[in-house]
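Q: Numbered according to this note's numbering, the sequence shown spans residues 919 to 1097.
The beta-carbon is built from N, C-alpha and C at its ideal position, and this holds for glycine as well.
Source: prediction; values computed, not measured.
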Amino acid sequence: LHSFPTRRSSDLSTQVLIESGADVTVLDRNGEALDRLAKRFGTNLRTVHSNAATTWDFVTDADLVVGAVLIPGAKAPKIVTEEMVKAMRKGSVLVDVAIDQGGCMETSKATTHAAPTFLVHDVVHYCVANMPGAVARTSTFALNNVTLPFALALADSVVIFIQIERAFLNTGRRSEERR
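1. Taking Cβ to Cβ, would you say LYS1027 is nearer than 9 Å to HIS1043?
2. Using a threshold of 9 Å, state whether the C-beta atoms of VAL984 and VAL1003 are closer than that.
3. Taking contact to mean at least 3 C-beta pairs separated by less than 8 Å, is the stretch 956-970 in contact with the stretch 937-944?
4. Any idea what DSSP makes of GLY939, helix, strand or coil?
5. Roughly how many angstroms lie between the CA atoms of GLN933 and ALA956, to the nearest whole one?
6. Find the nearest neighbour of VAL1006 within the set GLU937, LEU1037, LEU988 and LYS993, judged by alpha-carbon distance.
7. Using the three-state DSSP reduction, which class does MET1002 fall into: helix, strand or coil?
8. Suppose the cutoff is 7 Å on Cβ atoms and the five residues either side in sequence are ignored; what does the same chain contact list for THR973 look like?
9. Would you check if the distance between the CB atom of ARG947 and the CB atom of ASN969 is smaller than 9 Å?
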């Protein structure tokens, strides 16, 4: 496996594949991210600084490539070129986790859970948009756990605002009642 990570998706896919005995390499331009992964997974993981040459070498030699590139608020950059896909072995697999942000592979196109794969240059592509939809209950719990603190903070702010507004309105009514 050769992966281009975002933190959560790369950590999970890396962990699952290491546990299944895969030879896993993570490419990233962020040295801190590579150090964090190396400390977490130790000698079970190879980390490589990503550039055009290393990306070509590792992608074209891989059986499985997981592209999990995320730039918050922006379209995902195209990391895997069509030329790289052409140079891959027949039957290799590309998983584009970044497909919801336009995909990080030039040959990617969004698919569905009903028809999740397609072939380009004899390489299998899995580019399901909204991948968490396959495990809706679990992803709902995960989303709730992440967003709940923000919702509670917002709710506290709204309650304070409503209390202030009510106090102001009640003051206004009392003034009118006195007239």
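A: Well, looking at it:
1. One-based indexing of the sequence shown puts residue 1027 at position 109. One-based indexing of the sequence shown puts residue 1043 at position 125. Between LYS1027 and HIS1043, the C-beta spacing is below 9 Å.
2. Within the sequence shown, the letter at position 66 stands for residue 984. Within the sequence shown, the letter at position 85 stands for residue 1003. For VAL984 and VAL1003, no; Cβs fall outside 9 Å.
3. yes
4. By 1-based counting over the sequence shown, the position of residue 939 is 21. GLY939: coil per DSSP, three-state reduction.
5. The sequence position of residue 933 within the sequence shown is 15, counting from 1. The sequence position of residue 956 within the sequence shown is 38, counting from 1. About 12 Å.
6. Within the sequence shown, residue 1006 is the residue found at index 88, counting from 1. Strictly speaking, residue 1006 in this sequence is Met, with Val absent from that position. In this structure, LEU1037 is the residue among GLU937, LEU1037, LEU988 and LYS993 with its C-alpha nearest to the C-alpha of MET1006.
7. For the purposes of this step, residue 1002 is identified with residue 84 of the sequence shown, where counting begins at 1. Note: MET1002 maps to helix in three-state DSSP.
8. Position 55 of the sequence shown, counted from the start, is the residue given in the question as residue 973. So the list reads LEU945 and ILE997, once near-sequence residues are dropped.
9. As a working mapping, residue 947 is identified with position 29 in the sequence shown. As a working mapping, residue 969 is identified with position 51 in the sequence shown. It is a contact, given that the beta carbons lie within the stated cut-off.
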